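Asks: Residue numbers (the numbering used here): 1 to 333. Even for Gly, the Cβ is constructed at its ideal location relative to N, Cα and C. It should be emphasised that the depicted structure is a prediction, and the values quoted were computed from it without experimental measurement.
(1) Can you tell me the Cβ-Cβ gap for residue 123 and residue 137, rounded? I've got them flagged as a contact below 8 Å.
(2) Leaving out five residues on either side along the sequence, give the residues of the same chain with a beta carbon under 7 Å from the beta carbon of residue 175.
(3) Pick out the complete alpha helix (DSSP H) segments inside the segment 121 to 202, 4 residues or longer, and give them in chain order.
(4) Is residue 110 buried or exposed, if buried means 16 or more other CB atoms sit within 10 Å of its CB?
(5) Please state whether DSSP places residue 70 in a helix, a strand or coil.
(6) From residue 316 to residue 261, what does the alpha carbon distance come to, in whole angstroms?
(7) Determine the extent of the beta strand (DSSP E) in which residue 60 is found, giving its start and end residues.
(8) For residue 266, list the residues DSSP reports as bridge partners.
(9) Give the single residue among 129, 168, 69, 117 whose Cα lies nearest to the Cα of residue 83.
(10) In angstroms, rounded to a whole number, what distance separates the CA positions of residue 308 and residue 314?
(11) To the nearest angstrom, report how far apart residue 272 and residue 226 are at their CA atoms.
(12) Out of 269, 158, 173, which has the shortest C-alpha to C-alpha gap to residue 166?
(13) Quick one: what's got a C-beta closer than 7 Å to residue 160's C-beta in the same chain, skipping five residues either side?
(14) Tell me which residues share the same chain as residue 117 and place their Cβ nearer than 6 Å to its Cβ, disregarding the 5 neighbours each side in the sequence.
(15) For residue 92, name the three-state secondary structure that DSSP assigns.
(16) Quick one: what does DSSP say residue 236 is sitting in, helix, strand or coil?
(17) With 16 other CB atoms within 10 Å as the buried threshold, where does residue 216 fall?
(18) If you draw a straight line from the C-alpha of residue 269 to the C-alpha of residue 140, how long is it?
(19) I need the straight-line Cα distance from residue 363 to residue 60, nearest angstrom please.
(20) Looking only at its own chain, which residues have a Cβ that is under 8 Å from the Cβ of residue 230, when we skip the five neighbours before and after it?
(21) Please classify residue 292: does DSSP put it in a helix, a strand, or coil?
(22) Is it true that the CB of residue 274 sits closer than 8 Å to the CB of residue 211?
(23) With the cut-off set at 8 Å, would you say residue 128 and residue 196 are in Cβ contact?
(24) Under a three-way DSSP split, which group does residue 78 fall into?
(25) Given a cut-off of 8 Å on the beta-carbon distance, is the pair residue 209 and residue 253 in contact?
(26) With residue 156 and residue 182 assumed to form a contact (beta carbons below 8 Å), what rounded beta-carbon distance in angstroms separates them?
Set out below in structure tokens:
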């Protein structure tokens, strides 16, 4: 229990620092009670970080119909007021209703349904230059007999106005990438100009990242950056930026063809150019109980954390001729 509590705290600290305002001050997770309204073990948990002492406040909501099967994201306005959440299949607004025009977001689901099963499959960002406009990046898994899973990366736009005070989807399912994408990467960090966003996704079985720039003029493809080596496909994990945006790390597991390793791909990142560099690859122990991994950074960007189902690893980030991780953990729990 202590391990999981510590991870949630670390993730919270790092995530909250990625926004200069209060857009990420409300988190929603869990399953609705729509299947069995008398079962109080089900329902949506809301975590509110907009508190006087900074300690998150948790509350229960049994009225929402949305289910967060795995994909899960939510957004608030600049004052920390909750606006809407998405499970990859549709969006539910602040009044616990389907946001107008957001049904069939993934093509295969109708409201209410449990949503997409991709861990890092949805991401909401404030649209640069607009206080009433938000962009949703979302993956869609397509199953093909000859090629396995192909993940499309798409985006949709949500706007607020007097006619639609709880929001309306004004652009829907705009395609960005059609490729075999890793379920462990869909993340963003502020551009060095403090206004725009870098958005990254990665390939499934290559050490390769697609880099996009979100500005007030829209989404622009910038580069596809590929590194030596090979990544085993199908890994479940997480990709995270450090609080200062200087580092990017992907932690993922593989249990394919008996390779059975947990893996860290650690990079430096240039917030001016969007360039990844100085790949450092680390393997760490794999057990049958550790097939899924998560990761985060300390608030001062000096430590990097990786968690599995039964272990928590701590690594020191050391600056030498290039920035890298020490090749062994400094602590594990």
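Replies: Per the coordinate set shown:
(1) So it is a contact: roughly 4 Å between Cβ atoms.
(2) Taking residue 175 as the centre and dropping the five residues before and after it, the same chain places the C-beta of 152, 154 closer than 7 Å to its C-beta, in chain order.
(3) Here no run is fully enclosed.
(4) Flag for residue 110 reads exposed.
(5) DSSP places residue 70 outside both helix and strand once states are collapsed to three, so it counts as coil.
(6) Our two residues, residue 316 and residue 261, have alpha carbons roughly 21 Å apart in a direct line.
(7) Residues 57 to 61.
(8) Its beta-bridge partners are 249, 280.
(9) For residue 83, the closest C-alpha among the options 129, 168, 69, 117 is that of 168.
(10) Whole-angstrom Cα-Cα distance: 12 Å.
(11) If you take the alpha carbons of residue 272 and residue 226, they lie about 19 Å apart.
(12) Cα-wise, what sits closest to residue 166 is 158.
(13) Within the same chain, residue 160 has close Cβ partners 132, 167.
(14) Its chain contains 69, 70 as the residues whose beta carbon lies nearer than 6 Å to that of residue 117, once the 5 sequence neighbours on both sides are disregarded; these appear in chain order.
(15) DSSP, reduced to helix, strand and coil, places residue 92 within a strand of the structure shown.
(16) Strand, per DSSP.
(17) Label assigned to residue 216: exposed.
(18) Taken atom to atom, the span from the alpha-carbon of residue 269 to that of residue 140 is near 27 Å.
(19) Past the edges of the chain, shown from 1 to 333, lies residue 363, and the structure says nothing about it.
(20) In its chain, beyond the 5 residues on either side, 205, 206, 207 have a beta carbon closer than 8 Å to the beta carbon of residue 230.
(21) Residue 292 falls in the strand class under three-state DSSP.
(22) Closer than 8 Å, so yes.
(23) With contacts defined by Cβ atoms closer than 8 Å, residue 128 and residue 196 form a contacting pair.
(24) In the three-state DSSP reduction, residue 78 falls in the coil class, being neither helix nor strand.
(25) Taking 8 Å as the Cβ cut-off, residue 209 and residue 253 do not qualify as a contacting pair.
(26) With a Cβ gap of about 21 Å, residue 156 and residue 182 do not count as contacting.
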